[in-house]
Structure formats: C-alpha cells, structure tokens
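Beneath this line is the structure, given in structure tokens, with notes to follow.
Numbering (full-length UniProt numbering), first residue to last: 1 to 355.
Shown next as structure tokens:
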C-alpha cells in the first residue's frame, strides 16, 4: 500500500452506530455536490467514445454500383432547383426553362457526403431514381427553407435574410420547450421535446424552430462515428413555473408537418425516440401520426421507458427522466451557449471552405 493511502487508512475515525446515523445518505451527498447545469454539453465524453463500437455496413455489388451512379449524377449535374416543387420535373428534364437553377455552394457540396448518399439510397430502398429525386428535392428544400447556412455565418446583409439564425427563433425556445443536452451510449446527441412548455401558438416559425434544433443536433454529432440523434418526447402538460402563461392552441397538425419533413429530408437521422408521460391524448396523437411513419421509423419509438438508462448513461440523462444530470433551463444562459458551441463546431467543420 502506498504511503499516502496508508496514512489515510490509519487516520480514518472508527465507525460507530452513532456516526453512521449522522452520515447523510449517498443520494443526498451526490445531490448536494452535483452542480446544476444550464448549458448544452458541447462534446461527446471520451469515455463514451472509448466504449463505442461502430458497426460497419456491408453493401453488395449492386448496391455499390447504385452508389457510384448516384455520386456520378451529383458530380455531373452543374445546377439544381431552388424550389422543392421543381424536383420531379428537374429529374425528368421537363420545363427546365421555367425553373430557377443554381450551382451548388461549397457548403452544399460539403453536405453531400458519401454517408449522405448512402442514407438516401437506403431510405429509397435502393431505387436509384427515387433516391435521385429525393436528394434533389432536399437540396431545393434546404435552399427554400433557409438552412444551407446560419444567418450568423453570413456577412452580407442582403444575403443574410435568406437564412435562419438564433435571433430569429430565440422567442420559440424561451421556455425551454426543446433542449439539446447530452449523448447516449451510441454517441447520439439527445434532443428533449417538452410539449407542456409551449409558449407560442402554431405558426411557420414553430416549424422553423423544430427544424433548426434538428440541424443543431447534427452540428453536435461526430459524423465519422454516428449520424443519428435520440429524441426524448415529454407529454407532461403542466409546469408550475409556466402557470402565468396563457394556454396555447394544440399543434397536432404542426407535428405532422414536422414529421413529414423529417421523413422526407432527414432520412435515417432518427436513432431512438423515448415517449414520457404519454397520457390518452398523447396516445391518440401518436396513433394519428403512426400511419404516416414507415415501419422502420415506427420501430424506433419506445413507449416503455423503464430501461432507458441501459441506453443513456445516467450522467448524460436529465434527472427528470431517470438520470442524474441536474439541468435547469435558463434561456439567457442556454441559448447564447448553444449559439457559441454551434458556431465553433461549424467553423471547424467548414474551415477549408468559404462560407
């Protein structure tokens, strides 16, 4: 035994029944010592990376050939539509004279990775023409929606107005209805959706906010290791700190719109979804939305959350959901921190191109 450890062992007081009574319970000690966080966790902990084993995907010759054909189509196509509705005619080479077409920006080329092409092929069940049309539609949709770049990355004032930024959507997250926090065992960023913390009525901006947060999930991924996210959906209705806010209109139709966008433009990005506090109305909403999901997506939704800590380390999971992470949403701290982390990650990711 090393000398320092020997000294500590000798100096320990004798444990008696009285001292045991006086000692706080282990849970109390942990709670007293644990600091409450109010900002995102910027990086995947190294211990999770060390434990993670990436499963390689094997492709047969036909699939590899289709990948090369899709890549060839992308590299040989000079310009793409700026409106999603033109994607089908573009693929069929019809009415091209009536379309606005633009060359891919460097950041768009960077977005179309090999993994991206494989995601679209898998989601299209290896139907090459379907994958082509879906990919073209997404390129156009991203331009139309304003998420090719972040507004904060653009210096030209006129150009800036084409893109969404943190200031545009800050109001939507003032109550913490969406929180990006922590990583699961598969290195997926975790996005919390808290329906009871709604602070705005249904609008296009609400949809923009939902997509904006998904984009931030992707920014926090290590895409060399993991391309998917985990979502925790909480249907809890009432929060004491929000009792002063007026009740908001139901947003079920908005949920369907967001779901349609996810299935169309974010293929194979969802890894797992856990549903908490799923009351009868939430079950009805899920039942309405389920038919619009493909079977593979539907299988990723977990209504039984009793084993969630097998998939998410306790220290990465909010205490309200069975973890040990003490988190309190404070918009003035969280939102600027998320912006800072995002811009740093993107600056590193796109350091070799001009934004």
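Glycine included, every Cβ here is placed at the ideal spot set by N, Cα and C.
*Would you check if the stretch 72-88 and the stretch 224-233 touch, i.e. whether three or more CB-CB distances between them fall below 8 Å?*
no
*Per the contact definition of three or more C-beta pairs closer than 8 Å, is the stretch 330-341 in contact with the stretch 36-47?*
Output reads yes: the stretch 330-341 touches the stretch 36-47.
*In the DSSP assignment, what are the bridge partners of residue 183?*
Counting from one through the chain shown, the residue named residue 183 turns up at place 183. Paired residue(s): 189.
*Output the distance between the C-alpha atoms of residue 149 and residue 177, rounded to the nearest integer angstrom.*
As a position in the chain shown, residue 149 is number 149, starting the count at 1. As a position in the chain shown, residue 177 is number 177, starting the count at 1. Distance between the alpha carbons of residue 149 and residue 177: 24 Å.
_What ranges does the alpha helix (DSSP H) occupy inside the stretch 140-173, keeping only unbroken runs of at least 4 residues that lie completely in it?_
157-160, 166-169
*How big is the Cα-Cα spacing for residue 166 and residue 212?*
In the chain shown, the residue the question calls residue 166 occupies position 166. In the chain shown, the residue the question calls residue 212 occupies position 212. Approximately 9 Å between the Cα atoms of the pair.
*Pair every Cβ in the stretch 109-120 with every Cβ in the stretch 64-81, then say whether three or more of these pairs are closer than 8 Å.*
yes
*Distance, Cα to Cα, residue 284 vs residue 184?*
Residue mapping note: residue 284 aligns to position 284 of the chain shown, counting from 1. Residue mapping note: residue 184 aligns to position 184 of the chain shown, counting from 1. Here the alpha carbons of residue 184 and residue 284 stand approximately 28 Å from one another.
*DSSP on residue 207, reduced to helix/strand/coil?*
Indexing the chain shown from 1 puts residue 207 at position 207. Helix.
*asked:* In this structure, how does DSSP classify residue 90 when only helix, strand and coil are distinguished?
replied: Residue mapping note: residue 90 aligns to position 90 of the chain shown, counting from 1. In this structure, residue 90 counts as helix in the three-state DSSP scheme.
_My parser needs the alpha helix (DSSP H) runs of 4 or more residues fully inside the stretch 52-112; what are they?_
61-76, 87-91, 106-111
_Using only CA atoms, which one of 322, 273, 224 lies nearest to residue 56?_
Locating residue 56 in the chain shown gives position 56, counting from the first residue. Among 322, 273, 224, the Cα nearest to that of residue 56 belongs to 224.
*Does the beta-carbon distance from residue 271 to residue 300 come in below 8 Å?*
Within the chain shown, numbered from 1, the residue matching residue 271 stands at position 271. Within the chain shown, numbered from 1, the residue matching residue 300 stands at position 300. Yes, the pair counts as a contact, with Cβ atoms nearer than the cut-off.
*asked:* I'd like to check one pair, residue 153 with residue 355: are the Cβ atoms closer than 8 Å?
replied: One-based indexing of the chain shown puts residue 355 at position 355. One-based indexing of the chain shown puts residue 153 at position 153. In this structure, residue 153 lies closer than 8 Å to residue 355 by Cβ.
*Which residue from 125, 242, 75, 216 puts its Cα closest to that of residue 344?*
Residue numbering aside, residue 344 sits at position 344 when the chain shown is read from its first letter. When only C-alpha atoms are compared, the closest one is 216.
*asked:* If I follow the unbroken beta strand (DSSP E) through residue 333, where does it start and stop?
replied: Within the chain shown, the letter at position 333 stands for residue 333. Premise fails: residue 333 lies in the alpha helix (DSSP H), 331-349, not in any beta strand (DSSP E).
*With 8 Å set as the bound, which would you pick, yes or no: does the beta-carbon of residue 108 sit closer than that to a beta-carbon of chain C?*
Judged by its chain identifiers, the structure shown contains no chain C, having just a single protein chain.
*For residue 348, I'd like the list of residues in its chain whose CB is within less than 8 Å of its CB, leaving aside the five on either flank, ordered along the chain.*
Looking up residue 348 in the chain shown gives position 348. Correct list: empty, nothing qualifies.
*Best match in 307, 112, 186, 78 for proximity to residue 100 [C-alpha to C-alpha]*: Stepping through the chain shown from its first residue, residue 100 is reached at position 100. Residue 78 is the option with its Cα nearest to residue 100.
*In this structure, what does DSSP give as the bridge partners for residue 231?*
Counted from its first residue, the chain shown places residue 231 at position 231. Partner(s): 191, 273.
_What does the Cβ neighbour count give for residue 266, buried or exposed, with the cut at 16 atoms within 10 Å?_
As a first step, residue 266 is located in the chain shown; it is residue number 266 there, counting from the start. The residue in question, residue 266, is buried, as its Cβ has 16 or more Cβ neighbours within 10 Å.
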